[in-house]
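K.L.:
If you read the sequence shown in this note's numbering, its first letter stands for residue 2, the second for the next number, and so on.
C-beta atoms are modelled at their ideal positions from N, C-alpha and C, and glycine is treated no differently.
Being a predicted model, the structure only gives us computed values, none of them experimental.
Quick one: structure below, then a few questions.
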Amino acid sequence: MVEEEEIPQDEKVFCRQADTAPLMIWMARCDALYCYLNSNWLEFTGTYLTTGGPASAREEEIGNLWACSVHPEDRQRCDNIYLESFAVHDSFQRQYRLRRADGKYRWILDTAAPRFAVDGSFVGYIGYCVDITEVLIQGSQTTLQERSSASKNFSLFLKNITSPKRNGELTKVLKNLQAETGKRQAVEAQLSQKTSELAAILEVLPDLYFRLDTDGCILDYKPGKMENLYISTGDCQGKSLRECLPAVVGDRLHQAITQVLETQSPVSFEYTLPLPQRTNNFEARLLPLPDRQIIVLVRDTSDKVQAALIESDTKFRTIIENANNIIFALTLEGIFSYVSPNWTEIFGHEVAEVEGQSFVPFVHPDDVPICADYFQRIATTTEKQDAIEYRVKHKNGTWQWHTSNSSAIRDANGNVLNFVGICHDTTDRKQAEVALRESVQREALLNRLSNQIRASFDLNYIVETAVREIRNLFQIDRCAFFWYRQEADLPYWERVYEAKSSFLPCLLNYQEATNAEIELIAGKTLNREIIRINDVKTVGDSIAQQFLQDFGFTAFMSLPVHTQSGEIGAFSCGSCQGFRPWLDNEVDLLQAVTVQLAIAIDQAKLYTQSRIAAQTAQDKAQQLETALLELQQTQAQLIQTEKMSSLGQLVAGIAHEINNPVNFIYGNISHARQYTKDLLHLVELYQQSYCPPTPKIHEQIDTIDLDFLKQDLPKILDSMNVGTERIRQIVLSLRNFSRLDEDGAKRVDIHEGIDSALLLLQNRLKTKPGHPDIHVIRDYGNLQQVVCHAGQMNQVFMNVLTNAIDVLEESLVITHLSLVNKSKQRTNDQGQMTSPQIRIRTFIQEDSAIVSIADNGPGMTEEVRKRLFDPFFTTKAVGKGTGMGLSISYQIVVKKHGGEIQCISAPGEGAEFVIMIPLHGQSST
């Protein structure tokens with residue numbers, strides 16, 4: 002006996018074969034629960050099964066899918082038929098509505114038969130479904146009966162192959178077989194049953210059926226119900242399917258077989274074959290089987306494709322006949338092979354008058370090259386082309402603007418067969434564009450004139466622009482502007498500017514015209530009247546008519562220009578090519594231009610007056626500013642000069658008073674040293690001659706520590722000598738710095754002045770609480786004496802060095818690059834520099850002496866550097882600086898000596914002052 006647990010493997014094979022069938026197949030178990038729905042059923046309803054999970058959950062999901070897909074009104078009736086047949090194990094049929102994947106319900110004929118095991122036990126039902134909606138709609142009773150008969154035959158077939166009688170015979174045979182082969186035979190019987198079921202299904206399939214091996218050889222073949230067979234119905238067994246098909250289809254089939262074997266997934270493709278009666282469309286589906294076999298199903302889809310084409314053609318014709326646009330087709334020679342019926346309504350020609358004709362007579366001559374080039378581009382490239390615009394001639398002779406999109410129809414080899422296109426009327430839009438463009442041009446002209454009036458007060462330029470723009474806009478032969486010169490003894494009209502056609506004579510060759518020559522024109526212009534002559538021949542005044550005809554005018558217009566200041570001008574426009582009507586909008590535009598010109602003239606005069614007044618005020622303000630600046634500088638220089646003079650006198654007086662006693666002391670120290678030496682020598686002689694000394698002398702020697710006295714006394718005298726020498730140097734530096742004994746520019750040693758300033762600043766360079774000592778690096782070059790004002794240059798050095806010391810004392814900086822030695826500076830925990838430095842370099846460059854004073858302070862910003870030499874500008878705290886030191890230094894170096902002084906600095910890079918002084922002085926000083 003075959004155990005039920007061993008059957009599912011066979012059922013898997015059956016299910017895989019059932020999935021290849023085009024019918025919707027289902028199966029149920031003996032407990033009335035649905036257990037299988039093939040892929041065609043799921044594809045028809047647009048549903049799917051989740052993979053994995055226990056068998057009970059999967060069966061519940063299948064049952065829910067069937068119930069949800071059946072129409073709610075048919076569900077209970079179907080269940081009743083199903084359960085009634087289930088109770089007696091009988092075949093049944095039922096009709097119901099099943100929801101298709103697109104949401105529509107289709108009428109289904111469902112035929113089912115019971116299933117029995119080898120031992121005769123009931124195991125469930127198997128059924129298949131057929132879509133009979135079209136049959137019901139057409140009312141074809143005969144077709145329905147044929148399908149019902151086939152369904153009943155299939156049911157009887159299923160019933161026969163699963164009858165208890167046959168199962169009993171198989172059971173008797175099995176009992177006679179050996180026990181070790183029983184199990185195998187049971188499985189084979191089960192497979193035979195499944196094969197019979199599959200064979201029954203294949204009998205009703207409308208498709209060609211092939212079962213192939215890996216080489217594409219036919220293992221099994223069923224012709225199906227196809228009427229137009231293109232494969233011989235003879236024995237195909239053992240032949241290669243590729244050999245039975247045309248070469249193109251065979252190659253594609255071979256590729257599909259390879260793809261199925263590699264991916265183990267279904268593959269389908271469509272193809273077309275020419276048969277004796279007609280060209281048919283086919284669809285081939287390939288599905289994998291175990292043991293690397295393949296099932297091939299071929300279906301004739303010609304009727305379906307033909308129906309779709311007919312439906313598409315009907316829809317297309319409906320669209321064409323109801324479209325507002327014209328649809329056309331052209332041959333490669335440009336001949337209309339088709340135009341839509343609405344051509345008559347839009348262009349007035351009958352369709353018969355157009356079809357078979359070239360497109361050239363219907364298109365404007367100027368636009369024919371555009372259309373020809375357009376079709377040439379379409380034929381030679383596969384890229385989509387932009388739409389083109391062209392004019393088409395109406396039957397009444399008018400031209401209408403149309404916009405067209407076209408494309409090329411190509412055959413399978415890419416050769417162009419014909420052109421198709423669609424076009425629509427854009428005449429109204431074009432007319433609106435022209436009107437809008439003219440309006441925009443007029444507005445643009447007025448805007449340009451207005452902008453020129455605001456941007457420029459050159460009346461000649463404005464008049465020239467206005468004349469040129471008006472002529473271009475009106476498309477006339479001549480446009481000119483005249484001024485009426487009424488201040489002359491004999492008033493006349495002066496032609497200022499004109500724009501004309503090249504073939505006309507120039508009016509400017511006749512610079513003046515009197516009122517007598519153009520009495521009519523002049524009189525109306527002076528009276529602020531507009532002259533508007535569409536045809537010169539109609540002018541009643543013979544003199545004015547002759548005047549206009551002499552210059553070739555056939556139409557003339559003139560507008561007066563009157564300014565508030567009393568000036569009079571006129572714009573004249575003329576045509577020399579016959580009758581020319583002057584439109585109201587042209588007159589309005591010209592009036593607006595004349596108003597703008599009148600405003601421009603008045604504004605120009607006001608601008609000229611205001612500019613003269615502003616220039617006068619500006620000149621006076623500049624003079625006052627210059628005088629104030631000079632006064633401030635003079636005052637500052639006087640104050641500084643007075644301070645330096647008083648300081649010099651004080652320094653000179655102090656130096657003189659100190660110098661006398663210091664010279665007395667310095668002159669006598671050498672004598673005192675000699676006397677002391679002699680006395681000490683005498684004491685030594687006494688010690689040597691009177692030894693031992695008396696107790697009293699010995700006591701006195703101990704008291705005064707004679708040995709120490711002999712050693713220290715010469716040292717005291719040496720120290721006194723050094724001190725007096727230092728005092729002499731300070732006094733000499735004070736006298737050198739003040740230079741009160743010198744007048745005018747003289748040759749001096751610049752190094753002495755720098756050293757004098759450093760000597761006077763020595764106290765600030767030394768170490769103080771909170772500040773380390775400032776190290777001064779003297780890098781003096783071989784500098785010859787320079788012709789300069791020594792006292793003033795000493796003042797410059799003092800100011801620059803003082804500023805450098807102030808910056809180094811007050812700066813709290815982070816590590817930065819120094820201009821002194823190009824090295825990183827060290828800072829302490831408070832951010833103060835531990836090695837502040839000032840470096841002084843001197844050298845000769847060409848005919849100038851260069852003095853560079855650099856510090857390694859925090860530097861300065863570009864804004865501060867630019868204002869460094871401005872009077873009263875300072876970055877120091879209130880009370881610490883007046884802002885005059887560097888300003889006065891600049892005046893001394895640049896103005897007094899004809900030299901240069903500049904500062905090189907950047908934040909975090911220190912500062913360097915470079916002073917350049919001519920070696921031979923300034924001749925004008």
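Alpha carbon to alpha carbon, how far is isoleucine 336 from isoleucine 471? Give it in angstroms, no decimals.
P.N.:
Taking the first residue of the sequence shown as position 1, residue 471 is located at position 470. Taking the first residue of the sequence shown as position 1, residue 336 is located at position 335. Rounded to whole angstroms, isoleucine 471 to isoleucine 336 spans 46 Å at the Cα level.
K.L.:
Mind checking who valine 596 pairs with in its DSSP beta bridge?
P.N.:
Residue 596 sits at position 595 when you count from the first residue of the sequence shown. DSSP lists no partner for valine 596.
K.L.:
Work out the CA separation of histidine 365 and arginine 533 for me, nearest whole Å.
P.N.:
Looking up residue 533 in the sequence shown gives position 532. Looking up residue 365 in the sequence shown gives position 364. Each residue's alpha carbon lies about 36 Å from the other.
K.L.:
Quick check on histidine 776: does DSSP put it in helix, strand or coil?
P.N.:
Counting from one through the sequence shown, the residue named residue 776 turns up at place 775. Strand, per DSSP.
K.L.:
For the structure I just gave you, are there three or more beta carbon pairs, one from the region 911-923 and one from the region 772-789, closer than 8 Å?
P.N.:
The region 911-923, when compared against the region 772-789, does touch it at the 8 Å Cβ threshold.
K.L.:
Find the nearest neighbour of aspartate 780 within the set Tyr272, Val797, His752, Ala500, judged by alpha-carbon distance.
P.N.:
Locating residue 780 in the sequence shown gives position 779, counting from the first residue. Closest option to aspartate 780, Cα to Cα, is His752.
K.L.:
How do the region 404-411 and the region 378-386 stand: do at least 3 beta-carbon pairs fall below 8 Å, yes or no?
P.N.:
At 8 Å Cβ cutoff, the stretches touch.
K.L.:
Note down the Cα distance separating isoleucine 728 from threonine 695, rounded to an integer number of angstroms.
P.N.:
Looking up residue 728 in the sequence shown gives position 727. Looking up residue 695 in the sequence shown gives position 694. Those two C-alpha atoms are separated by around 45 Å.
K.L.:
Considering only residues of the region 455-513, which uninterrupted alpha helix (DSSP H) runs meet the minimum length of 4 residues and lie entirely inside it, listed in chain order?
P.N.:
Entirely contained in the region 455-513, the alpha helix (DSSP H) runs reaching 4 residues are, in chain order, 460-475.
K.L.:
Could you give the DSSP three-state label for lysine 825: helix, strand or coil?
P.N.:
As a working mapping, residue 825 is identified with position 824 in the sequence shown. In this predicted model, lysine 825 has a pLDDT of only 46, less than 50, meaning its place in the structure is not dependable enough to derive any value.
K.L.:
What are the start and end residues of the alpha helix (DSSP H) that includes valine 364?
P.N.:
Residue mapping note: residue 364 aligns to position 363 of the sequence shown, counting from 1. Per DSSP, valine 364 belongs to no alpha helix (DSSP H) and is neither H nor E.
K.L.:
Quick check on aspartate 221: does DSSP put it in helix, strand or coil?
P.N.:
As a first step, residue 221 is located in the sequence shown; it is residue number 220 there, counting from the start. Correct three-state label for aspartate 221: strand.
K.L.:
If contacts are defined as beta-carbon pairs under 8 Å, then tyrosine 272 and arginine 300 qualify, I think. What distance do you get, rounded to the angstrom?
P.N.:
Translated into the one-based positions of the sequence shown, residue 272 becomes position 271. Translated into the one-based positions of the sequence shown, residue 300 becomes position 299. Their Cβ separation, rounded to whole angstroms, is 12 Å, which puts tyrosine 272 and arginine 300 out of contact at 8 Å.
K.L.:
Excluding sequence positions up to five away, which residues of its chain have a Cβ less than 7 Å from the Cβ of arginine 116?
P.N.:
The count along the sequence shown starts at 1 and reaches residue 116 at position 115. Within the same chain, arginine 116 has close Cβ partners Val124, Gly125, Tyr126, Ile127, Thr163.
K.L.:
Can you round the beta-carbon distance between methionine 794 and glycine 754 to whole angstroms, since I take them to be within the 8 Å contact cut?
P.N.:
By one-based count along the sequence shown, residue 794 stands at place 793. By one-based count along the sequence shown, residue 754 stands at place 753. Right, their Cβ atoms sit about 6 Å apart.
K.L.:
If contacts are defined as beta-carbon pairs under 8 Å, then leucine 331 and phenylalanine 363 qualify, I think. What distance do you get, rounded to the angstrom?
P.N.:
By 1-based counting over the sequence shown, the position of residue 331 is 330. By 1-based counting over the sequence shown, the position of residue 363 is 362. With 8 Å as the limit, leucine 331 and phenylalanine 363 do not qualify as a contact, their Cβ atoms being about 12 Å apart.
K.L.:
Under DSSP, the alpha helix (DSSP H) around asparagine 804 begins and ends at which residues?
P.N.:
As a working note, residue 804 is residue 803 in the sequence shown. It spans 791-811 - the alpha helix (DSSP H) in which asparagine 804 sits, taken as one unbroken run.
K.L.:
Spatial neighbours of glycine 886 within its chain, please: C-beta separation below 6 Å, excluding the five flanking residues on both sides.
P.N.:
Locating residue 886 in the sequence shown gives position 885, counting from the first residue. Taken in chain order, the residues that qualify are Asn800.
K.L.:
Excluding the 5 residues preceding and the 5 following valine 352 in the sequence, name in chain order all residues of the same chain whose CB lies nearer than 7 Å to its CB.
P.N.:
Looking up residue 352 in the sequence shown gives position 351. Hits under 7 Å: Val340, Pro342, Trp344, Thr345.
K.L.:
Are the CB atoms of tryptophan 42 and methionine 25 within a distance shorter than 8 Å?
P.N.:
Counted from its first residue, the sequence shown places residue 25 at position 24. Counted from its first residue, the sequence shown places residue 42 at position 41. Closer than 8 Å, so yes.
K.L.:
Buried or exposed: which applies to aspartate 756, given that a residue is buried once 16 or more other Cβ atoms fall within 10 Å of its Cβ?
P.N.:
As a first step, residue 756 must be located in the sequence shown, where it is residue number 755. Per the 10 Å Cβ criterion, buried.
K.L.:
Can you say whether proline 561 is buried or exposed, counting buried as having 16 or more other CB atoms within 10 angstroms of its CB?
P.N.:
The residue given as residue 561 occupies position 560 in the sequence shown. Buried.
K.L.:
So, at 6 Å on beta carbons, what are the nonlocal neighbours of cysteine 130 in its own chain, with the 5 sequence-adjacent residues on each side left out?
P.N.:
As a position in the sequence shown, residue 130 is number 129, starting the count at 1. Excluding residues within five positions, the ones whose Cβ falls inside 6 Å are Met25, Ile109, Asp111.
K.L.:
Using DSSP with H/G/I as helix, E/B as strand and the rest coil, what is serine 341?
P.N.:
As a position in the sequence shown, residue 341 is number 340, starting the count at 1. Of the three classes helix, strand and coil, the one that applies to serine 341 here is coil, per DSSP.
K.L.:
Cutting at 6 Å between CB atoms, please list the residues of its own chain near lysine 86, excluding the five before and the five after it.
P.N.:
Indexing the sequence shown from 1 puts residue 86 at position 85. It should be pointed out that residue 86 corresponds to serine in this sequence rather than to lysine. For serine 86, where only same-chain residues beyond five positions count, the Cβ hits under 6 Å are Phe93.
K.L.:
How about asparagine 535 and tryptophan 583: do their beta carbons lie closer than 8 Å?
P.N.:
Numbered from its first residue, the sequence shown carries residue 535 at position 534. Numbered from its first residue, the sequence shown carries residue 583 at position 582. Their beta carbons are under 8 Å apart, which means asparagine 535 touches tryptophan 583 by this criterion.
K.L.:
Which residues share a DSSP beta bridge with asparagine 661?
P.N.:
Residue 661 sits at position 660 when you count from the first residue of the sequence shown. DSSP output for asparagine 661 lists no bridge partner at all.
K.L.:
Apart from the five residues on each side of it in sequence, which residues of its chain come closer than 8 Å, Cβ to Cβ, to alanine 628?
P.N.:
For the purposes of this step, residue 628 is taken as residue 627 along the sequence shown, with counting starting at 1. Contacts found: none.
K.L.:
Who does tyrosine 106 pair with in a DSSP beta bridge?
P.N.:
Position 105 of the sequence shown holds residue 106. Arg100.
K.L.:
Which residues in the same chain have their Cβ closer than 8 Å to the Cβ of isoleucine 845, if we skip the five residues on either side of it in sequence?
P.N.:
Position 844 of the sequence shown holds residue 845. These residues qualify, in order along the chain: Gly782, Asn783, Leu784, Gln785, Ile851, Leu920.
K.L.:
Is the beta carbon of arginine 840 closer than 8 Å to that of isoleucine 905?
P.N.:
As a position in the sequence shown, residue 905 is number 904, starting the count at 1. As a position in the sequence shown, residue 840 is number 839, starting the count at 1. The answer is no: Cβ separation not under 8 Å.
K.L.:
With respect to the alpha helix (DSSP H) encompassing glycine 570, which residues constitute its N-terminal and C-terminal limits?
P.N.:
Here the question's residue 570 lines up with position 569 in the sequence shown. Premise fails: glycine 570 lies in the beta strand (DSSP E), 569-576, not in any alpha helix (DSSP H).
K.L.:
To which residues does DSSP link serine 269 through a beta bridge?
P.N.:
Counting from 1 along the sequence shown, the entry for residue 269 is found at position 268. Serine 269 pairs with Arg286.
K.L.:
On the DSSP letters alone, give me the boundaries of the beta strand (DSSP E) that glutamate 901 sits inside.
P.N.:
Position 900 of the sequence shown, counting from 1, holds the residue named residue 901. Where glutamate 901 is concerned, the enclosing beta strand (DSSP E) stretches over 901-906.
K.L.:
Using the rule of at least 16 other Cβ atoms within 10 Å of the residue's Cβ for burial, across every protein chain shown, is proline 908 buried or exposed?
P.N.:
Here residue 908 is taken as the residue at index 907 of the sequence shown, counted from 1. By the 10 Å Cβ count, proline 908 comes out exposed.
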